[in-house]
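**Q** Questions regarding the structure given below will be posed in turn.
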Amino acid sequence: MKTYQKYLENYKRGFIGFNTLGILFQSCLGSAAAMLVLQNGTSLAQMVQLFFITFSVWGLTVAYWLSKSLK
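Read left to right, the sequence shown gives residues 0 to 70 (numbering that gives the first Met the number 0).
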């Protein structure tokens, strides 16, 4: 339990920094997915896939911020 308390205290102290890293990671992951989709062309099917990737990354980011701000 002592280790858990130590990590919890570090997380509370670095809350903004850890949230920033989480958002950065989600953005990088979404960008990589978008690039992979666009490598296959720019037809309607790829644009639909790109829309879903953009929407899902945006949704994850909003859900992440909401879950952290409600605590």
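For every residue, glycine included, the Cβ atom is placed at its ideal position computed from N, Cα and C.
(1) Just to confirm my understanding: we take leucine 59, look at its own chain, exclude 5 residues before and 5 after, and list those with CB closer than 6 Å. What are they?
(2) By DSSP, does threonine 2 sit in helix, in strand, or in coil?
(3) Report the three-state DSSP secondary structure of asparagine 39 (helix, strand or coil).
(4) Could you give the DSSP three-state label for glycine 13: helix, strand or coil?
**A** Quick answer:
(1) For leucine 59, where only same-chain residues beyond five positions count, the Cβ hits under 6 Å are Gln25.
(2) The DSSP-derived three-state label of threonine 2 is helix.
(3) Correct three-state label for asparagine 39: coil.
(4) Per DSSP, reduced to three states, the secondary structure at glycine 13 is coil, with no helix or strand assignment.
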